[in-house]
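Trainee: Residue numbers (the numbering used here), protein chains in the order written: chain L, 15 to 294; chain Z, 15 to 294. Sharing a structure, written as structure tokens. Questions coming.
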């Protein structure tokens with residue numbers, strides 16, 4: 015008997031919660047409720063904020079995604095804040111390290127070690143510009159997941175990802191190439207490799223889903239970045255891989271007052287409901 | 015009067031030291047001299063090692079490059095080790111954060127803030143897969159530098175960087191596109207944007223130098239990865255931008271004994287001498 019793959023674990027969690035919602039923890043000191051930043055130092059305020067958000071949303075979230083840029087910026091306190099945040103998330107919820115690492119083999123192995131062995135994340139985002147040996151070390155952890163950047167939701171996402179290569183957009187070539195790394199002959203478990211495909215380019219999302227119908231997808235760009243749930247639902251209709259729709263700011267900063275956690279719960283619940291048809 | 019650009023500062027340092035050598039600080043616990051790891055805990059051993067290497071090589075190094083993967087892997091101690099290492103490097107030596115970050119605009123701004131404001135690095139490596147808004151925030155720091163990944167020296171570097179786009183390799187398109195971001199109309203100072211171009215593909219290095227003759231170049235892949243100084247010298251002959259040739263393992267681990275610092279000094283000196291013709 016083999017342990018479940020990341021895709022299987024994520025699917026099970028989604029069934030349990032009837033949720034596709036990934037809550038992005040981007041704790042921005044400029045946007046935290048004032049009563050928190052007034053009473054505490056930066057690290058304490060972020061921990062209190064994250065804990066309250068997690069407590070209010072843990073039964074609504076299929077997963078959490080921690081944006082490492084926001085933690086790193088806390089300097090000497092960043093590791094402690096990461097650990098405290100991870101410690102507040104129930105064991106049953108998959109957690110993604112969003113750091114978009116990508117480096118040569120021996121460095122990639124260390125990034126994977128930090129992410130999976132030291133911090134015990136369940137998955138991470140990886141940038142593939144440096145090719146196979148920059149991604150493979152992350153795929154060598156059974157049960158853990160990788161979301162490789164394919165089509166990102168930011169304005170600059172089209173600068174390189176949309177160039178035409180062999181008659182198709184470059185991001186398709188990235189997806190096809192990476193899927194071959196996961197083939198049985200390459201000795202890597204199916205269900206580890208997923209892709210980032212933003213909701214701001216629905217046609218790209220549809221194409222990536224068609225190319226990798228069994229792979230987990232992480233979909234940013236709904237809400238603040240302009241994508242909407244209905245379009246996402248249509249684009250992912252075919253295929254069976256688990257899909258996470260990430261929302262960060264629209265949930266975290268739904269209210270700037272003392273009711274921020276309740277407002278976050280409500281925003282997460284609304285997003286969950288709008289995506290629930292995908293699970294039925 | 016405007017402050018000098020990163021390219022100007024780097025050029026001045028290279029003239030002062032007659033050196034193109036960038037020493038890559040990749041402190042690998044598995045490869046540190048045993049007398050250090052036997053007597054100290056991991057963080058203390060890495061600090062002692064880095065300090066000794068820096069002391070032995072500071073007059074030979076045009077720059078240092080800190081590979082963040084090796085620091086992050088120290089967990090809770092990583093920030094302190096970073097600070098202690100940076101504190102041991104003389105003010106006059108430019109220091110590069112090698113983290114290959116690349117994320118959407120607001121995350122990129124935080125990564126740049128951590129790198130330049132909190133840790134006071136002089137430059138950093140950046141991955142451009144996510145396009146302009148993932149790179150621009152790093153270019154908004156006058157006097158600081160960015161080395162954008164163009165053609166990397168690892169085996170997987172050819173997976174995507176070498177695909178043909180409009181009759182040329184993709185990495186050329188990356189370089190051309192990024193150079194346009196630095197144009198005066200885009201309000202960014204010349205001399206901030208450089209490129210990573212590995213010595214393991216000399217033809218690519220030659221092409222990148224031709225496309226960006228004034229831009230700083232960071233050249234990994236000499237030594238352990240198979241590139242050699244003579245080929246590099248030929249490839250960079252044309253052009254005036256400052257060039258750094260990085261060596262990490264071949265210098266750091268030149269000896270595993272108590273003479274590791276002297277051996278590192280000697281290895282750095284040999285590399286410096288082999289590259290000196292570029293400065294005459």
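Glycine residues also receive a C-beta, built at the ideal position from the N, C-alpha and C atoms. Since the model is a prediction, treat every value here as computed from it, not as a measurement.
Pick out the complete beta strand (DSSP E) segments inside the stretch 90-153 of chain L, 3 residues or longer, and give them in chain order.
Mentor: Within the stretch 90-153 of chain L, the complete beta strand (DSSP E) runs of at least 3 residues are 109-115, 137-140.
Trainee: Against residue 34 of chain Z, what residues of chain L qualify as contacts under a CB-to-CB distance less than 8 angstroms, listed in chain order?
Mentor: Result: empty, since nearest Cβ-Cβ is about 21 angstroms, beyond 8 angstroms.
Trainee: Going by beta-carbon coordinates alone, are residue 79 of chain Z and residue 38 of chain Z separated by less than 8 angstroms?
Mentor: Against a cut-off of 8 angstroms, the Cβ pair of residue 38 of chain Z and residue 79 of chain Z comes out as a contact.
Trainee: Establish whether the CB of residue 169 of chain Z and some CB of chain L are separated by less than 8 angstroms.
Mentor: By this cut-off, residue 169 of chain Z is an interface position.
Trainee: For a contact defined as C-beta to C-beta under 8 angstroms, what are the partners of residue 148 of chain L on chain Z?
Mentor: Neighbours of residue 148 of chain L on chain Z, chain order: 168, 170.
Trainee: Do residue 148 of chain L and residue 117 of chain L have their beta-carbon atoms positioned less than 8 angstroms apart in this structure?
Mentor: Contact: yes.
Trainee: Listing by chain order, which chain Z residues have their CB less than 7 angstroms from the CB of residue 81 of chain L?
Mentor: Chain Z residues near residue 81 of chain L: 121.
Trainee: Mind pulling the chain L residues with CB within less than 8 angstroms of residue 188 of chain Z?
Mentor: Within 8 angstroms Cβ-Cβ: 174.
Trainee: Below 9 angstroms between beta carbons is the criterion; list the residues of the stretch 99-120 of chain L that meet it against any residue of chain Z, in chain order.
Mentor: If the cut-off is 9 angstroms between Cβ atoms, the stretch 99-120 of chain L has 112, 113, 114, 115, 116, 117, 118, 119, 120 near chain Z.
Trainee: For the stretch 223-245 of chain Z, which residues have a beta carbon sitting closer than 9 angstroms to at least one beta carbon of chain L?
Mentor: The stretch 223-245 of chain Z vs chain L, Cβ under 9 angstroms: 234, 239.
Trainee: Between L:155, L:146, L:140, which has its C-alpha nearest residue 134 of chain L's C-alpha?
Mentor: Selected option, being the one with the closest Cα: L:155.
Trainee: What is the DSSP secondary structure of residue 79 of chain Z, counted as helix, strand or coil?
Mentor: DSSP places residue 79 of chain Z in strand when its eight states are reduced to three.
Trainee: Looking at chain L, is there any beta carbon in it that lies within less than 8 angstroms of the beta carbon of residue 207 of chain Z?
Mentor: Output row for residue 207 of chain Z: interface = no.
Trainee: Name the chain Z residues whose beta carbon is nearer than 8 angstroms to that of residue 128 of chain L?
Mentor: Near residue 128 of chain L (Cβ distances below 8 angstroms), the residues of chain Z are 83, 86, 87, 89.
Trainee: For residue 23 of chain Z, which residues in the same chain have their Cβ closer than 8 angstroms to its Cβ, ignoring the five residues on either side in sequence?
Mentor: Cβ neighbours of residue 23 of chain Z beyond the five flanking positions: 108, 136, 157.
Trainee: Quick one: does residue 191 of chain L have its CB under 8 angstroms from some CB of chain Z?
Mentor: Closer than 8 angstroms: yes.
Trainee: Considering only DSSP beta bridges, list what residue 236 of chain Z is partnered with.
Mentor: Residue 236 of chain Z is bridged to Z:241.
Trainee: Please return the same chain residues whose Cβ sits closer than 6 angstroms to the Cβ of residue 175 of chain Z, not counting the five positions on each side in sequence.
Mentor: For residue 175 of chain Z, where only same-chain residues beyond five positions count, the Cβ hits under 6 angstroms are 165, 184, 185.
Trainee: Of all Cβ atoms in chain L, is any one closer than 8 angstroms to the Cβ of residue 141 of chain Z?
Mentor: With 8 angstroms as the cut-off, residue 141 of chain Z counts as an interface residue toward chain L.
Trainee: Between residue 155 of chain Z and chain L, is any beta-carbon pair separated by less than 8 angstroms?
Mentor: Judged by the 8 angstroms Cβ criterion, residue 155 of chain Z is not in contact with chain L.
Trainee: Measuring straight from C-alpha to C-alpha, what distance separates residue 56 of chain L and residue 44 of chain Z?
Mentor: Going by the C-alpha atoms only, they are around 35 angstroms apart.
Trainee: Within 10 Å of its beta-carbon, does residue 16 of chain Z have 16 or more other beta-carbons around it, so buried, or fewer, so exposed?
Mentor: That one is exposed.
Trainee: Give me the residue from Z:36, Z:33, Z:62 with the minimum Cα distance to residue 47 of chain Z.
Mentor: For residue 47 of chain Z, the nearest C-alpha among the options comes from Z:62.
Trainee: Closer than 8 angstroms is the cut-off here; do at least three beta carbon pairs connect the stretch 271-286 of chain L with the stretch 223-233 of chain Z?
Mentor: With the cut-off at 8 angstroms, the stretch 271-286 of chain L and the stretch 223-233 of chain Z do not touch.
Trainee: Do we get a CB-CB distance below 8 angstroms when we pair residue 250 of chain Z with the residues of chain L?
Mentor: For residue 250 of chain Z, the answer is no, since every Cβ of chain L falls outside 8 angstroms of its Cβ.
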